[in-house]
Structure formats: C-alpha cells, structure tokens
Amino acid sequence: MIPFLDLHKINARFEGEFKNSFKDFLDSGYYILGNQVTRFESLFSDYCGTKHCVGVANGLDALRLILEGYKHLGNMKTGDEVIVASNTFIATIIAIKQAGLTPILAEADAETFNFDVDKLPTYITKKTKAIMPVHLYGQIANMDTIQALAGLHDLLVIEDAAQAHGAEYLNKKKAGNLGDAAGFSFYPSKNLGALGDGGAVTTNNDALAKAIKMFRNYGTSTKYVNEVLGLNSRLDEIQAAFLSIKLTSLDADNSRRQKIALRYIAEITNPKITMPKYKGTPDHVFHLFVVQVDDRASFIAHLTENKVGHLIHYPIAPHQQKALPELKDLSFPVAEDLHNHVVSIPMSPVMTEDQVSEIIAVINRY
C-alpha cells in the first residue's frame, strides 16, 4: 500500500531534535507564549520576508484575527464584504463569518483552481473591503491582477496561505508577503506541519500585528488589562519548537514535491486524467497534487484496488454545505464541476522514486 501521506515517516526525520527540544521545553518550566514562540515568530517572519509573525492556535483563527484586527483599527466594520474563493476549504469562509463580515464567493478558474480573475471585478460593491485570495493546493494566486484591482478600489488583500508555505511569486516574494496580511495553518499535513494544531499571521503592518497579539490573548495589552473582547488563540510552545526545527527543511521538501509533480505531469499520459498545469516555477509547492477525472468513483475504485492512497479535496462546495444555508441558492458552475471531479493523489517529500513510478503506472492503467 502506498499511503496518501505518511506523516510518521515525514516527522521521523526530526525525531532526535524533537526529543531534545521537548526536554528543553520541560526543563524551562515555561509553557505559554515563551521563548519558543518568540523564536519561531522571528524565524518565520524572516523566512517569509515580513516584519511580523504572530503565532496563533490554528489557521482558521489566523484569518479571523486578521479581520478582527482590521475591524479594531477601523479598516472594516460588521457587515462589510470580503471576496473569497468559492472552491476553498470551508474554514476560510467560517473565519469571515465569525468576524462578523460577509463572504462574497467568487468563481474559480478550472486550470489554476484559484480565482477566475477576469470575473473578480464583478463581485466588488460599495461594501467590499477586502479580497482574500486562497493559494489553493500550494499554488499562488494571480497576485499582480488582484493587487491592481485592490489598488483601484482601495481594498485590503488578505492571503489565505494555509497551503502555500514557501511558495515564491514572480517578484521573488514568498507567500505571506504578497498582500496586507496572511494567515497560515500548521496542521500536521501541511508542507510545514506541526505535531498538532498551530497557525500564524504574517504582516508588515505594525498596528495590525500589535492588535492581533492583543486579540489572541483575551484582548489583553498587559496582564489582566483587557482592552477588547479577544480570543484564547495562542501558538503552543512545544509546537513552536517543533516548527522551528522543521522550517530548516521546508525549501528542500518543497523542491522534492516539485520534482515529483514534474514526473507526474511528464509521465502520466492517460487521456482520462486531466493534469494540473505546471512548468517547474517556484510559485507552486504542491501541498496537494490534484487531478481531474470524469468518472471519479471508478477512478477511486481503481486506485483502491491497486493500493494507492487518495483523498478528495473537497467533495462538497462551501455554498452547498448545510452549515451555510444562506449561500444555498448561489451557483458556481466551474467550482461545482471541480468539486465533483477532483482527486488528490499521493504527494510527499519522503516518497521514493519507486513509489512515484508505481503510482504513475497504476494511473496509466486506468
């Protein structure tokens, strides 16, 4: 069996360092917002090229806290609109709603899985205050067009970079440094994954970083002085320590993912499979490798029979989820088609060449 993702094998490479860092953590006697969080925040902001990184509990909170921070600073108010991808994971939309804002879903592009930027202007109204591009599956959205549109309408650009750690845009800037602020997830399966939950905000805005630090810790500026109604959303010390260790291997791991992607694209020649478009550029780090197939059920049965792991990201479009009944009458034909036909095949920096060859052979036999 070739697993979809072998997290144990990924993390086993760091086991000795993890054990040492855990001993240091125990010996320190400091468990919340200590030196390990501060250290990781510094390392990750340097890596992304931003002035600030604020560690939080998870990726959903990262996005929500950005929005809460902007509301606190007066850039947004309850009910304002945020344009977001119609084919994203639901957490992106939950963050907008939890912050008291209104998600405006935008149609997807069938080739890139990101915004259809040609249609993006049609979603802007007088209530629009931000565009939230999602770098879905690890591919950076068309940020030049998005930034130009945002500049024309005086809108904030907030990246959902939860799947794009280390991806580098055409201007040589990394995901997390392509907008006004960005939210990251360090869920274990991410390219930079913790051994539990975790998240972070990156930004170059001093006031926003200060506000998010306040909001993540009950709304306190100093101990027991609560200026706003905040959250309890802090990156854990031990997860921060683990992330600092794994960050040193992120670029090499992303390079390995890109090489596997190039093999898939070059060697999977089955006409029943629609492959993603990729030419080896650094703007895609393949958190997921997603193909499209007309008869998904039969394709999945074939993969299962041949012991190749797989998942569907994501089987139900957000506007069709029971949790979002107010969106049920919307229609996004491209996004809906993607949700009905996408399949994620194994992608991991610890996959062997033999495993990659076997997956290619199995898919070509379908």
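One gets the working numbering by counting positions in the sequence shown from 1 and adding 92 to each.
The C-beta atom is built at its ideal place from N, Cα and C for all residues, glycine as well.
Give me the Cβ distance between residue i and residue j, rounded to the nearest whole Å; I'm assuming they're in contact under 8 angstroms.
| i | j | result |
| --- | --- | --- |
| residue 274 | residue 377 | About 14 angstroms; that fails the 8 angstroms criterion. |
| residue 241 | residue 272 | That belief does not hold up - the Cβ atoms of residue 241 and residue 272 are roughly 14 angstroms apart, past 8 angstroms. |
| residue 207 | residue 195 | That belief does not hold up - the Cβ atoms of residue 207 and residue 195 are roughly 14 angstroms apart, past 8 angstroms. |
| residue 385 | residue 454 | Actually they are not in contact, since the Cβ atoms of residue 385 and residue 454 sit about 13 angstroms apart, beyond 8 angstroms. |
| residue 129 | residue 327 | 5 angstroms |
| residue 191 | residue 160 | 5 angstroms |
| residue 330 | residue 114 | 6 angstroms |
| residue 202 | residue 430 | 7 angstroms |
Between which two residues does the beta strand (DSSP E) holding residue i run?
| i | result |
| --- | --- |
| residue 275 | 273-277 |
| residue 440 | Unbroken run through residue 440: none, as it is neither H nor E. |
| residue 252 | 248-252 |
| residue 221 | 220-224 |
| residue 313 | 312-314 |
Between the options, which has its C-alpha nearest residue i's C-alpha?
| i | options | result |
| --- | --- | --- |
| residue 176 | 170, 169 and 188 | 188 |
| residue 221 | 186, 210, 270 and 158 | 158 |
| residue 303 | 144, 268 and 104 | 144 |
| residue 412 | 209, 162, 185 and 267 | 185 |
| residue 52 | 408, 345, 365 and 227 | Nothing in the structure corresponds to residue 52, since the chain is present only between 93 and 458. |
| residue 102 | 339, 124, 193 and 450 | 339 |
| residue 311 | 164, 402, 212 and 178 | 164 |
| residue 425 | 379, 200, 266 and 148 | 200 |
| residue 362 | 452, 213 and 315 | 452 |
| residue 382 | 305, 349, 414 and 374 | 349 |
| residue 153 | 180, 277 and 172 | 277 |
| residue 441 | 282, 132, 180 and 245 | 282 |
| residue 197 | 205, 180, 204 and 210 | 180 |
| residue 246 | 213, 98 and 351 | 213 |
| residue 437 | 170, 405, 415 and 193 | 405 |
Taking all protein chains shown into account, do 16 or more other C-beta atoms lie within 10 angstroms of the C-beta of residue i, making it buried, or fewer, making it exposed?
| i | result |
| --- | --- |
| residue 112 | exposed |
| residue 324 | exposed |
| residue 445 | exposed |
| residue 93 | exposed |
| residue 219 | exposed |
| residue 118 | exposed |
| residue 250 | buried |
| residue 397 | exposed |
| residue 313 | exposed |
| residue 410 | buried |
| residue 257 | buried |
| residue 428 | buried |
| residue 236 | exposed |
Any idea which residues DSSP pairs residue i with across the strands?
| i | result |
| --- | --- |
| residue 365 | 385 |
| residue 196 | 175 |
| residue 144 | 295 |
| residue 207 | 200 |
| residue 231 | 376 |
| residue 94 | 400 |
Along the chain, where does the alpha helix (DSSP H) containing residue i start, and where does it finish?
| i | result |
| --- | --- |
| residue 111 | 107-120 |
| residue 184 | 182-190 |
| residue 449 | 445-457 |
| residue 336 | 329-339 |
| residue 373 | First-last for residue 373: undefined, no H or E at that position. |
| residue 168 | Careful: residue 168 lies outside any alpha helix (DSSP H) and carries neither H nor E. |
| residue 320 | Note, residue 320: premise wrong, no alpha helix (DSSP H); not H, not E. |
| residue 356 | 342-359 |
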